[in-house]
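There are 2 protein chains.
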Amino acid sequence: MSIDLLQSKIRKLKTPIVVGLDPTPELIPPELLAECEARLGKTPEALAESYGLFCKTLLDGLKKAVPAVKVQTACFSALGWQGVKVMQEVLASAKKLGYYVLLETMRSDVGHIAALTAESVFGGLEFDGVRSIPYPCDALVLNGYLGSDGIKPYLPWLKGENAKNIFVVVRSSNRSAAEVQDLISGDRVVHRAMADLTLRWSMDLFGKCGYGEVGAVVGAASPGAVQELRKRYDTLFFLVPGCGAQGCAVKHAACAFDRLGHGAALCVSRSVIGAWREQEGTAFPEAALAAVEKLKRQLERYVTVL
Amino acid sequence: MSIDLLQSKIRKLKTPIVVGLDPTPELIPPELLAECEARLGKTPEALAESYGLFCKTLLDGLKKAVPAVKVQTACFSALGWQGVKVMQEVLASAKKLGYYVLLETMRSDVGHIAALTAESVFGGLEFDGVRSIPYPCDALVLNGYLGSDGIKPYLPWLKGENAKNIFVVVRSSNRSAAEVQDLISGDRVVHRAMADLTLRWSMDLFGKCGYGEVGAVVGAASPGAVQELRKRYDTLFFLVPGCGAQGCAVKHAACAFDRLGHGAALCVSRSVIGAWREQEGTAFPEAALAAVEKLKRQLERYVTVL
């Protein structure tokens, strides 16, 4: 099962860090962009190409350091189809290098539209007997505000050979998350209702590692939040954003892990892929690797992956 | 202001119908796909090309009948970059023909990622002094589960010259919407909390028509729901899905309109663009036009646009 794949990759590299590939113009080293513009002019193609080179070089540099990467669709699609084309290449590279690959769409579609996305992303498209996979990945990150209609179309793809995962945003790490997600409803808050649903969607879909194939995004924004959710939902795999540029404490995020250091992964993006901006004279892949190693050491104070 | 643009187009054509351009393989007439495959082979390009021809022919055929169209990004991006490229062409055609154009991404991003999308979609990209607009449109449909951090980056684009709109999913029309959106919190349900937020985001952003530049998606799934929301939120412009293939009653959706027949629009997709499947011997643009005219007459029993 796919959640076992993620957990085994984490155990192999002894670190539960997921690097977010969220390129923006500010994160691209000027010399890399200049090189692309020298070949392609100041065009959308050149910027897209620089995103591609940037991500592929990072993928190469981090392959022995992190088990998984998360690709942010918004960054690429902001450039139009040229960006999407490059994103597809980045996904293919990541899969080829052996990463567990998450695709963050943050979308919420229902019914036949969700089914269409699930089939395209997880199953691929068949043309003239040839199956092509436009977005090679292991998991999608989705928004569950529309309820089961938006999630159930993905569930058939979470079992069998070549099974995939989905992660549902339960409690995001941004400041305003509370406005909706922390509203009190009866004896629970809204994001706990979302966690309950996530658990229900994962019913009968468990990996050998004991965690469900439908995971949850749980931000490390407030100290107690992760801890409480971990206690209540001991079979949900948590993706935990917020410890990088957003500045949440690694100590708080560490509550997401079980006693074996399993059941969770930390997502960081800008603080790793943009680390070159803080380290003059260091090339961006080395700066990223150093940032990963630093976070690894911070996390090791609290979590040991067995 | 942009919501005035939508309202004035509705008043001009005397009908508040928005046609959803959500192409799927089943909705493409076989002869149209065959034509594309004859030229391009059985390839993703051929299917994407058929989506493009299908949508552009519909846009031509409906331009005197409906004031607005809504393009569903998921349908196109399911095909990979070839689909996204065609979607960009469809958006450009729709704008050129004078439609008010909505782009449905159903995404929820925050902070700099949301700002990036807002700038790309609403402002465009500048390369070498030339500004290009990858996704020409008047409005985005977004998911607000992440709260203000996910919406505020769009607000600067809702004022001034060339102002845009956003629509936030308040209450979706699918069956399972209740699982999250109808949870009771204090004296209101979650989707009313979302409507309250939407109203707050629209503060100081009102068109001359009296409606806010931040609109709400409000499904016509339950009889009383739309009516109650209309009473409480008399300055929110409502986009109302659910009356087409989902089978909600036009009578219930009609509660979304004010006494002048303003302040709302009905979204229909499959029941219009797939109408050719029910009308043997009728070409798809004529079948779509007939379906629009039929819905128009149904709606006119309850709503007169003044």
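Here the protein sequences line up with chains A and B, keeping their order. Numbering (my numbering) for the first sequence: 1 to 306. Numbering (my numbering) for the second sequence: 1001 to 1306. Note that the Cβ used here is the ideal one computed from N, Cα and C, for glycine as well.
For the beta strand (DSSP E) holding residue i, just list the boundary residues, first then last.
{"i": "Phe1167(B)", "result": "1165-1171"}
{"i": "Met203(A)", "result": "It is not in any beta strand (DSSP E) - Met203(A) carries neither H nor E in the DSSP assignment."}
{"i": "Val1305(B)", "result": "Neither: Val1305(B) is in no beta strand (DSSP E) and is coded neither H nor E."}
Which of the three DSSP states is assigned to residue i in this structure?
{"i": "Pro241(A)", "result": "strand"}
{"i": "Ala65(A)", "result": "coil"}
{"i": "Ile10(A)", "result": "helix"}
{"i": "Leu140(A)", "result": "strand"}
{"i": "Ser108(A)", "result": "coil"}
{"i": "Arg1188(B)", "result": "strand"}
{"i": "Lys1159(B)", "result": "coil"}
{"i": "Lys1042(B)", "result": "coil"}
{"i": "Met1001(B)", "result": "coil"}
{"i": "Thr198(A)", "result": "helix"}
{"i": "Ala29(A)", "result": "The sequence given here has Pro at residue 29(A), not Ala. It is coil, neither helix nor strand."}
{"i": "Arg1277(B)", "result": "helix"}
{"i": "Leu1260(B)", "result": "coil"}
{"i": "Cys209(A)", "result": "coil"}
{"i": "Tyr1135(B)", "result": "coil"}
{"i": "Gly1052(B)", "result": "helix"}
{"i": "Tyr145(A)", "result": "coil"}
{"i": "Ile1078(B)", "result": "Correcting the residue type first, residue 1078(B) is Ala in the shown sequence and not Ile. In the structure shown, Ala1078(B) sits in coil (DSSP, three-state: anything other than H, G, I, E or B)."}
Any idea which residues DSSP pairs residue i with across the strands?
{"i": "Val268(A)", "result": "Val19(A)"}
{"i": "Phe1127(B)", "result": "Val1130(B)"}
{"i": "Lys70(A)", "result": "Gly20(A), Leu102(A)"}
List the residues of chain A whose Cβ lies closer than 7 Å to the Cβ of residue i, in chain order.
{"i": "Asp1109(B)", "result": "Ala74, Met106"}
{"i": "Leu1197(B)", "result": "Glu179"}
Does residue i have its Cβ less than 8 Å from a Cβ in chain B?
{"i": "Met203(A)", "result": "no"}
{"i": "Pro23(A)", "result": "no"}
{"i": "Arg175(A)", "result": "yes"}
{"i": "Pro30(A)", "result": "no"}
{"i": "Leu194(A)", "result": "Sequence inspection shows Met at residue 194(A); the Leu mentioned does not correspond to that position. Yes, Met194(A) lies at the interface with chain B (some Cβ there is under 8 Å from its Cβ)."}
{"i": "Ile3(A)", "result": "no"}
{"i": "Thr117(A)", "result": "yes"}
{"i": "Pro153(A)", "result": "no"}
{"i": "Ile113(A)", "result": "yes"}
{"i": "Leu125(A)", "result": "yes"}
{"i": "Ser50(A)", "result": "no"}
{"i": "Ser93(A)", "result": "no"}
{"i": "Ser120(A)", "result": "yes"}
Looking at the C-beta of residue i, does it have a partner C-beta in chain A at a distance below 8 Å?
{"i": "Val1180(B)", "result": "yes"}
{"i": "Asp1149(B)", "result": "yes"}
{"i": "Pro1241(B)", "result": "no"}
{"i": "Pro1223(B)", "result": "no"}
{"i": "Val1214(B)", "result": "no"}
In terms of residue numbering, what span does the alpha helix (DSSP H) encompassing residue i cover?
{"i": "Thr1117(B)", "result": "1111-1118"}
{"i": "Gly215(A)", "result": "No alpha helix (DSSP H) contains Gly215(A), which is instead part of the beta strand (DSSP E) from 214-218."}
{"i": "Met1087(B)", "result": "1081-1096"}
{"i": "Pro223(A)", "result": "223-232"}
{"i": "Glu179(A)", "result": "178-181"}
{"i": "Lys1251(B)", "result": "1250-1253"}
Give the residues of chain B in contact with residue i, contact being defined as C-beta atoms less than 8 Å apart.
{"i": "Asp128(A)", "result": "Gly1041, Lys1042, Thr1043"}
{"i": "Val84(A)", "result": "Ser1077, Gly1080, Trp1081, Val1084"}
{"i": "Val190(A)", "result": "Val1180, Leu1183, Ser1185, Val1190"}
Chain B partners of residue i, CB-CB under 9 Å?
{"i": "Gln88(A)", "result": "Gly1080, Trp1081"}
{"i": "Asn143(A)", "result": "Met1106, Arg1107, Ser1108, Asn1143, Tyr1145, Leu1146"}
Whose Cβ in chain B lies nearer than 7 Å to the Cβ of residue i?
{"i": "His262(A)", "result": "Ordered by position in chain B, no residue passes the 7 Å Cβ test against His262(A), which lies about 28 Å from the chain."}
So which residues on chain A does residue i lean against when the C-beta distance must stay under 9 Å?
{"i": "Pro1134(B)", "result": "Pro44, Ser77, Ala78, Leu79, Gly80, Trp81, Gln82, Gly83"}
{"i": "Val1169(B)", "result": "Ser108, Tyr145, Leu146"}
{"i": "Gly1172(B)", "result": "Here the sequence assigns Ser to residue 1172(B), which means Gly is not the residue at that position. In chain order: Ser108, Val110, Tyr145, Leu146, Gly147, Asp149, Gly150."}
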